[in-house]
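Numbered per my numbering, the sequence shown spans residues 6 to 202. Glycine included, every Cβ here is placed at the ideal spot set by N, Cα and C.
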Amino acid sequence: MKLQEIISIAATALLSIGGGGIIVFALSNWLGKVWATRLMQNERQKHAEEIENLRSKLHLNNEQEIASVKHDLEIAKEKYLADHTDRIAIYRSTIDLIAVTVAKIEMVLLQKRGPLTPDELQEFEVQRLRIYAYLAMHAPQSVMDANDALTDLILSILHDGQTTTWQHFRGLAINLLNEVRKDIGVNPNPIDYKGAR
């Protein structure tokens, strides 16, 4: 079939349909656009509702997750504060015991009093062991090592008659204090003894 024959057949068909066909074609075209617009509006509305449902669910899930994280954070905060408070109390007890014992030893060495009584030695041992257990529950190894060095020196003085210089003893005590300061976050910078004695 040639191009002229195809055009001729199409023209004949259009003519046979006539004006009514053009009107039907125009109406069907208009009706198709109206239906397409309505279908598109329905799809948009359905899509908007689905998005709103998803947004609502996401918001609810986010709120629940945030509440859960806040709850966990509050528990962790309380636990940290309780642990920190316990550490400070234990470190204070350690320092109190050492201070009392060293003061007694110093008085003995200065011949201001007699040797420690069996009751005083027993009290020191009980407190030392108690504090060591408390430290072991909370303190890092650096604090444990500093405490061990100082306690070993005190035990050697009390039980073995070992002598030492005040500077050596003070150095061990300051080292313990510096490790405690680091652990509880008071100040990471070490302190030094600047006195003359």
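- A distance below 8 Å between beta-carbons, with the five flanking residues on each side excluded, links residue 119 to the following residues of its chain, in chain order: 113.
- If you draw a straight line from the Cα of residue 39 to the Cα of residue 74, it is about 52 Å long.
- If you draw a 10 Å sphere on the C-beta of residue 92, you find 16 or more other C-beta atoms in it, and that means buried.
- Comparing alpha-carbon positions, the option among 175, 180, 183 lying closest to residue 201 turns out to be 175.
- Runs of the beta strand (DSSP E) lying entirely within the segment 142 to 195, each at least 3 residues long, are absent.
- For residue 83, the number of other beta carbons within 10 angstroms of its own is below 16, and it is reported as exposed.
- For residue 201, the three-state secondary structure derived from DSSP is coil.
- For the 8 Å CB-CB criterion, residue 131 and residue 185 do not form a contact.
- Annotation: residue 69 to residue 85 spans about 24 Å, alpha carbon to alpha carbon.
- Residue environment: residue 103 is assigned as buried (16 or more neighbouring CB atoms within 10 Å of its CB, all protein chains considered).
- Contact check for residue 134 against residue 99 fails: the beta carbons are separated by 8 Å or more.
- A check of alpha carbon separations from residue 158 across 146, 142, 177 identifies 177 as the nearest.
- By the 16-neighbour rule on beta-carbons within 10 angstroms, residue 109 is buried.
- Going by beta carbons, residue 183 and residue 196 fall inside the 8 Å limit.
- Distance from the Cα of residue 142 is smallest, within the candidate group 193, 88, 11, 51, for 88.
- Across the set 123, 115, 116, 129, the C-alpha of 129 shows the shortest separation from the C-alpha of residue 106.
- Just measuring C-alpha positions, the residue of 11, 96, 194 sitting nearest residue 151 is 96.
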